[in-house]
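Asker: Dropping a structure here in structure tokens format, bear with me for questions.
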Amino acid sequence: MAHAIDTLGSWQAEDTTVGLVLDALETLRREVPAGTATRTAVLTLVTVAPDVAGCERAAQALHEIGARHPARTIGIVATPDPRPLGATISLHGHEESGRVFWSEDIDLHVGGAVVEHLNSLIEPFTLPDLPVVVWFVDDVPVVSDPLLDAADAVIVDARDLADASKFAAIREMATRRPVVDLSWVRLRPWRELLAALFEGDHRPLLDAVETVEVRGKEGPRRILAGWLADRLALPTSSFHVVPANHAYMRLTATLDGRRASFSVIRRGDERTLLATADVDPDPPRHSLGQLPPTGPAWGLQEALTSLHGDPLYLRALDAATDLGL
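If you're matching positions, the sequence shown starts at 494 in this note's numbering and goes up one per residue.
Written as structure tokens, this is what we have:
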């Protein structure tokens with residue numbers, strides 16, 4: 494993570510044009526004192542949020558990962574009501590390992606018909622010959638959204654999605670470009686801990702699983718149930734999927750008269766996971782895992798490190814659909 498963040502320059506206008514924003518950006522870049530920082534970028538990251546709060550959360554996450562993924566960031570707050578183009582530009586310096594890098598934030602407030610053509614709006618601001626990553630904050634777009642045509646990769650977060658059509662949209666988007674789901678990224682410790690319970694002499698029990706219980710918020714429980722359905726190839730009747738505040742998985746199995754259960758559960762409100770293998774007649778085996786830091790920064794950093802998508806995730810979405818989730 495970045496150790497320090499300084500604002501090297503800023504500019505703001507409530508009623509402006511794309512041309513004036515580009516001129517202001519160029520002026521700010523020229524005004525950065527020589528030797529103050531090194532300008533660098535590995536991508537253009539576009540964040541789209543329905544309100545200012547969502548855009549600010551995204552910007553904070555980007556500043557936290559700092560120089561590890563330097564980017565030109567274009568933050569868009571899009572509303573259906575017509576309004577003049579508003580813009581804010583900030584140049585930020587990030588200190589990492591004794592060096593200072595600087596990056597550019599361009600925040601745009603748009604409304605009305607422009608919202609239907611965000612691909613054209615962002616095109617003048619994208620950096621040439623670098624990938625364009627679009628992060629949809631707090632929502633998932635329809636697959637016909639023109640902004641997707643400008644994206645080399647897409648980031649979403651299925652954690653709180655309650656509309657099954659949104660998951661179908663994610664799956665369809667993934668046929669056209671890499672899609673990284675921050676919810677899937679955050680669930681990695683759960684999946685790794687459960688898989689580790691079946692290592693060694695417990696491996697034969699993986700093929701003897703009879704029932705699966707998955708709990709959690711809409712997105713996590715759907716994704717985890719789909720992942721297990723894909724890996725275990727069990728019938729729908731074997732799954733029990735229910736709402737809960739925290740993710741939870743429990744598998745039961747029977748082999749040669751031995752009953753077994755394997756579970757991963759969060760320990761209350763702690764940032765710790767408890768994995769348990771309880772196989773008759775042996776005493777239970779326990780292992781602990783640590784949840785990643787709260788907030789979107791950790792997941793975003795992981796997502797930007799692996800923008801090729803994950804075939805396991807796509808199969809989990811397909812299996813969840815087959816389960817009727």
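Heads up, the beta-carbon is just placed ideally off N, CA and C, and yes, glycines get one too.
Please read all numbers here as calculations on a predicted model, not as lab measurements.
1) Measuring only the C-alpha atoms, how far is G568 from G709?
2) Between the alpha carbons of H733 and R743, how many angstroms are there, rounded?
3) Among residues of its own chain, excluding the 5 on either side of L687, which ones have a beta-carbon nearer than 7 Å to its beta-carbon?
4) Using beta-carbon positions only, say whether L793 and L675 come within less than 9 Å of one another.
5) Give me, in chain order, the residues of the same chain whose beta-carbon lies closer than 7 Å to that of D631; leave out the 5 immediate sequence neighbours on both sides.
6) From the DSSP output, which residues share a beta bridge with T704?
7) Please work out which residues of its chain come closer than 6 Å, Cβ to Cβ, to L725, disregarding the five sequence neighbours upstream and downstream, and give them in chain order.
8) Got a sec, what are the start and stop residues for the alpha helix (DSSP H) G712 sits in?
9) Measuring straight from C-alpha to C-alpha, what distance separates P774 and D694?
10) Can you tell me whether L640 is helix, strand or coil according to DSSP?
11) Check H801 in the structure and name its three-state DSSP category.
12) Skipping 5 residues on each side, what residues in its chain have a beta carbon closer than 7 Å to that of A823?
13) Which of the three DSSP states is assigned to H739 in this structure?
14) Report the option in M666, D499 and L680 whose CA atom is closest to the CA atom of R715.
15) DSSP three-state call for V525: helix, strand or coil?
16) In the DSSP assignment, what are the bridge partners of A753?
17) Give the single residue among A661, R751 and L766 whose Cα lies nearest to the Cα of G712.
18) Note the first and the last residue of the continuous alpha helix (DSSP H) segment covering S731.
19) My parser needs the alpha helix (DSSP H) runs of 4 or more residues fully inside the stretch 602 to 654; what are they?
20) DSSP three-state label for F594, please.
Answerer: Per the coordinate set shown:
1) For the purposes of this step, residue 568 is taken as residue 75 along the sequence shown, with counting starting at 1. For the purposes of this step, residue 709 is taken as residue 216 along the sequence shown, with counting starting at 1. So the alpha carbons of these two residues sit roughly 30 Å apart.
2) Here residue 733 refers to the residue found at position 240 when the sequence shown is read from its first residue. Here residue 743 refers to the residue found at position 250 when the sequence shown is read from its first residue. One C-alpha to the other measures close to 10 Å.
3) Indexing the sequence shown from 1 puts residue 687 at position 194. Cβ-Cβ distances below 7 Å link L687 to M742, F755, V757 and A768 in the same chain, with the five nearest sequence neighbours on each side left out; the list follows chain order.
4) Residue numbering aside, residue 793 sits at position 300 when the sequence shown is read from its first letter. Residue numbering aside, residue 675 sits at position 182 when the sequence shown is read from its first letter. Yes; because the gap between Cβ atoms is below 9 Å, this pair is in contact.
5) Working through the sequence shown from its first residue, we reach residue 631 at position 138. Taking D631 as the centre and dropping the five residues before and after it, the same chain places the C-beta of A542, P543 and G547 closer than 7 Å to its C-beta, in chain order.
6) The sequence position of residue 704 within the sequence shown is 211, counting from 1. Among the bridge pairs identified by DSSP, T704 is matched with T745.
7) Position 232 of the sequence shown, counting from 1, holds the residue named residue 725. Excluding residues within five positions, the ones whose Cβ falls inside 6 Å are V702.
8) For this step, residue 712 is matched to residue 219 along the sequence shown. For G712, the enclosing alpha helix (DSSP H) stretches over residues E711 to L725.
9) What you label residue 774 is simply residue 281 of the sequence shown in a count that begins at 1. What you label residue 694 is simply residue 201 of the sequence shown in a count that begins at 1. The alpha-carbon atoms of P774 and D694 are separated by roughly 14 Å.
10) For this step, residue 640 is matched to residue 147 along the sequence shown. The answer is helix: DSSP assigns L640 an H, G or I state.
11) Taking the first residue of the sequence shown as 1, we reach residue 801 at position 308. Three-state result, H801: coil.
12) For the chain, the structure presents residues 494 to 818; residue 823 sits outside this window and is missing.
13) Along the sequence shown, read from residue 1 onward, the residue named residue 739 stands at position 246. Three-state result, H739: coil.
14) Reading the sequence shown from its first residue, position 222 is the one you call residue 715. Among M666, D499 and L680, the Cα nearest to that of R715 belongs to L680.
15) In the sequence shown, residue 525 corresponds to position 32, counting from 1. Three-state DSSP puts V525 in coil, outside helix and strand.
16) One-based indexing of the sequence shown puts residue 753 at position 260. Note: A753 sits in a beta bridge opposite A746 and V772.
17) Position 219 of the sequence shown, counted from the first residue, corresponds to residue 712. Considering only alpha carbons, the answer is A661.
18) Within the sequence shown, residue 731 is the residue found at index 238, counting from 1. According to the DSSP assignment, S731 belongs to no alpha helix (DSSP H), since it is labelled neither H nor E.
19) Listed in chain order, the complete alpha helix (DSSP H) runs (minimum 4 residues) inside the stretch 602 to 654 are 611 to 615.
20) In the sequence shown, counting from the first residue as 1, residue 594 sits at position 101. It is a strand residue.
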